[in-house]
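J.:
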Amino acid sequence: SNFPVKLAPALLSFNFLSPQPPPQTTTMNGRPSSQKIVIAVLADKDKNPSAAALPLVRTLESKADILLGNTLAEFTAYPNLSEAEALVWVPPGDAKILPDLWPLLPKVRWVHSWFAGLEPLHPFIKQFLLNRPDIPVTNAKGAFSRSLAEYSMAAALHFEKQVPRIMANTKSRHWDKFIMHELHGKSMGFVGFGDIGKATAKIAKHAFGMRILALRRSKNKGADDLADEVFSPEIEEEKMEVFRRSDYVVCSLPGTPDTFNFCGAKEFAAMKPTAVFISIGRGTVVDEDALIDVLKRGAIRGAALDVFHVEPLPESSGLWGLDNVLITAHNADWTPDYSECALHVMEGNLDRFLAGEKEMLTPIDKAAGY
Numbered sequence: 196s197n198f199p200v201k202l203a204p205a206l207l208s209f210n211f212l213s214p215q216p217p218p219q220t221t222t223m224n225g226r227p228s229s230q231k232i233v234i235a236v237l238a239d240k241d242k243n244p245s246a247a248a249l250p251l252v253r254t255l256e257s258k259a260d261i262l263l264g265n266t267l268a269e270f271t272a273y274p275n276l277s278e279a280e281a282l283v284w285v286p287p288g289d290a291k292i293l294p295d296l297w298p299l300l301p302k303v304r305w306v307h308s309w310f311a312g313l314e315p316l317h318p319f320i321k322q323f324l325l326n327r328p329d330i331p332v333t334n335a336k337g338a339f340s341r342s343l344a345e346y347s348m349a350a351a352l353h354f355e356k357q358v359p360r361i362m363a364n365t366k367s368r369h370w371d372k373f374i375m376h377e378l379h380g381k382s383m384g385f386v387g388f389g390d391i392g393k394a395t396a397k398i399a400k401h402a403f404g405m406r407i408l409a410l411r412r413s414k415n416k417g418a419d420d421l422a423d424e425v426f427s428p429e430i431e432e433e434k435m436e437v438f439r440r441s442d443y444v445v446c447s448l449p450g451t452p453d454t455f456n457f458c459g460a461k462e463f464a465a466m467k468p469t470a471v472f473i474s475i476g477r478g479t480v481v482d483e484d485a486l487i488d489v490l491k492r493g494a495i496r497g498a499a500l501d502v503f504h505v506e507p508l509p510e511s512s513g514l515w516g517l518d519n520v521l522i523t524a525h526n527a528d529w530t531p532d533y534s535e536c537a538l539h540v541m542e543g544n545l546d547r548f549l550a551g552e553k554e555m556l557t558p559i560d561k562a563a564g565y
């Protein structure tokens, strides 16, 4: 062009070859967002499941400096312990040291449990975190729901299809053409309708055509796409209705003081003589003496139990040897990718924490304990 172009002074001073970096952002603790977080991990490196989990925890070292310990001495040896912004508990890490460790972690703004169970953390949460809304507590909620749902359905099929009878016939070469019953049209009642309950209900309803009765704490009592009817545990008659009407009762309640022996003699007495009780939450929720009584008397058809008051289940327990009981060693969710599932949930929470999001992926209700 023959016309000269006059540039504004601001443009003359702009360096087109060296773009300016974006302004540095910081987290709520004043850490530059590009800087790695420091995480204190309470775990026993010599015992499973900690030992199996730690190599996976180490995969997060691109995002975090991991300070691993299981004693106060191990943690205080880290010069940057006071910089930790997150605390992760991996069972069987010694949760008893937490009251002494906590004052050394002034910057922690997130606590996470590697697994779903929080019982060992309850005293710590109650003492230090109950009145700290700025410190969310998360767990591995939902990480193992799929495998527990499969276990529940396998247990239901075991009883409905009379698998022990089939096995006995096979072994004795006995041609026994008995009537084969179906799960279709039967009712499955859920004592607790969280992630595990919903995962199980999804299969029971959509794959087997079962009717779903849900006993849940949520104030929203309306039926949804999974629950045909919803009942409140606070209303005794509604609670008993679930036990009375269900062909299969699936209990997935967490272990808290409020749920201790939640399923007892009265509840088992209300069940149909053809009903089956399936326990996949926490053993402390079930009154084992009351359950043994109804099983021995044949007052209910049977039970499938993966969790117990005392684990390993003592050889002296009356549950052993009963023909109408399935017992597994708290391994219904012990899948080949067990630790990877837990890692996936933790990393999802970590990413939200690093991004400064207020809503974590799997927050717990501190007051309720789960």
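Counted from 1, the sequence shown has number 394 at position 199 by my numbering; the numbering is strictly sequential.
For every residue, glycine included, the Cβ atom is placed at its ideal position computed from N, Cα and C.
Note that this is a predicted model, so its numbers are computed, not measured.
#1: Note down the Cα distance separating G392 from P287, rounded to an integer number of angstroms.
#2: Which of helix, strand or coil does DSSP assign to T271?
#3: Could I get the ranges of all uninterrupted alpha helix (DSSP H) runs contained in the stretch 477-515, with 4 residues as the minimum, in chain order?
#4: Could you say if the stretch 528-543 and the stretch 328-344 meet the contact criterion of at least three C-beta pairs nearer than 8 Å?
#5: Whose C-alpha, out of P294, P509, H525, P507, is nearest the C-alpha of A499?
#6: My output table needs one value for Q219: the three-state DSSP class, helix, strand or coil.
#7: Quick test of your reading: F472 and L486, contact by CB under 8 Å. State the CB separation rounded to the nearest angstrom.
#8: With three or more beta-carbon pairs closer than 8 Å as the criterion, would you say the stretch 553-561 touches the stretch 394-402?
#9: For S308, tell me which candidate among L490, L325, P331 has the shortest Cα-Cα distance.
#10: Please list, in chain order, all residues of the same chain as F548 whose beta carbon is under 6 Å from its beta carbon, the five residues on each side excluded.
#11: Measure how close the beta-carbons of H379 and F354 come, nearest whole angstrom, since I'm counting them as under 8 Å.
#12: Quick one: what's G392 bridged to in DSSP?
#13: By alpha-carbon positions, which one of E314, H317, F310 ends up nearest to N334?
#14: Quick check: the Cα distance between I374 and M405, rounded to an integer number of angstroms?
#15: Let me confirm a value: D419 is counted as buried when at least 16 other C-beta atoms fall within 10 Å, else exposed. Which label applies?
#16: Among V445, S474, L325, G337, which one has its Cα closest to the Cα of D560?
#17: Three-state secondary structure (DSSP) at S382?
#18: Return the bridge partner residues of A281 from the DSSP annotation.
#19: Alpha carbon to alpha carbon, how far is G564 from H317? Give it in angstroms, no decimals.
#20: Can you tell me which of L267, V285, V233, P294 puts its alpha carbon nearest to the alpha carbon of S277?
#21: When the distance is taken between beta carbons, is G389 closer than 8 Å to L410?
#22: Among all the DSSP beta bridges, which residues are the ones paired with D260?
#23: Going by beta carbon distance, what residues of the same chain come within less than 7 Å of L151, once the five residues before and after it are set aside?
#24: Opposite I330 in the DSSP bridges: which residues?
#25: In three-state DSSP terms, what is E433?
#26: Assuming Y533 is part of the alpha helix (DSSP H), what are its boundary residues?
#27: Between the stretch 363-371 and the stretch 424-435, do at least 3 Cβ pairs fall closer than 8 Å?
#28: Between the beta-carbon of P449 and the beta-carbon of R412, is there less than 8 Å?
#29: I need the DSSP call for P449, collapsed to helix, strand or coil.
#30: With a threshold of 16 other CB atoms inside 10 Å of the CB of G387, please say whether the residue is buried or exposed.
#31: Under the three-state reduction of DSSP, which class applies to I320: helix, strand or coil?
T.: Taking the structure as given:
#1: Between G392 and P287, the C-alpha separation is close to 26 Å.
#2: helix
#3: 483-492
#4: Pairwise C-beta distances place the stretch 528-543 in contact with the stretch 328-344, as three or more of them are shorter than 8 Å.
#5: The shortest C-alpha separation from A499 is found at H525.
#6: Per-residue confidence for Q219 stands at a pLDDT of 48, beneath the threshold of 50, marking its modelled position as unreliable; no derived number is given.
#7: 7 Å
#8: For the pair of segments examined, the stretch 553-561 was found not to touch the stretch 394-402: the number of CB pairs separated by less than 8 Å stays below three.
#9: When each option's Cα is compared against that of S308, the closest is P331.
#10: W305
#11: At roughly 15 Å, the Cβ-Cβ gap does not stay under 8 Å, so H379 and F354 are not in contact.
#12: Answer is none; G392 lacks a bridge partner.
#13: Of E314, H317, F310, the smallest CA-CA separation from N334 is found for F310.
#14: 19 Å
#15: exposed
#16: L325
#17: strand
#18: Paired residues: I234, W305.
#19: Rounded to the nearest angstrom, the two C-alpha atoms are 7 Å apart.
#20: Cα-wise, what sits closest to S277 is V233.
#21: no
#22: V233
#23: Lying before the first or after the last residue shown, residue 151 is absent from the chain, which here runs from 196 to 565.
#24: Answer by DSSP bridge pairing: none, since I330 is not bridged.
#25: In this structure, E433 counts as helix in the three-state DSSP scheme.
#26: 533-549
#27: No: the two stretches stay apart, fewer than three of their Cβ pairs being nearer than 8 Å.
#28: With a cutoff of 8 Å on beta-carbon distance, P449 and R412 are scored as not near each other.
#29: Three-state result, P449: coil.
#30: buried
#31: Annotated three-state conformation of I320 is helix, per DSSP.
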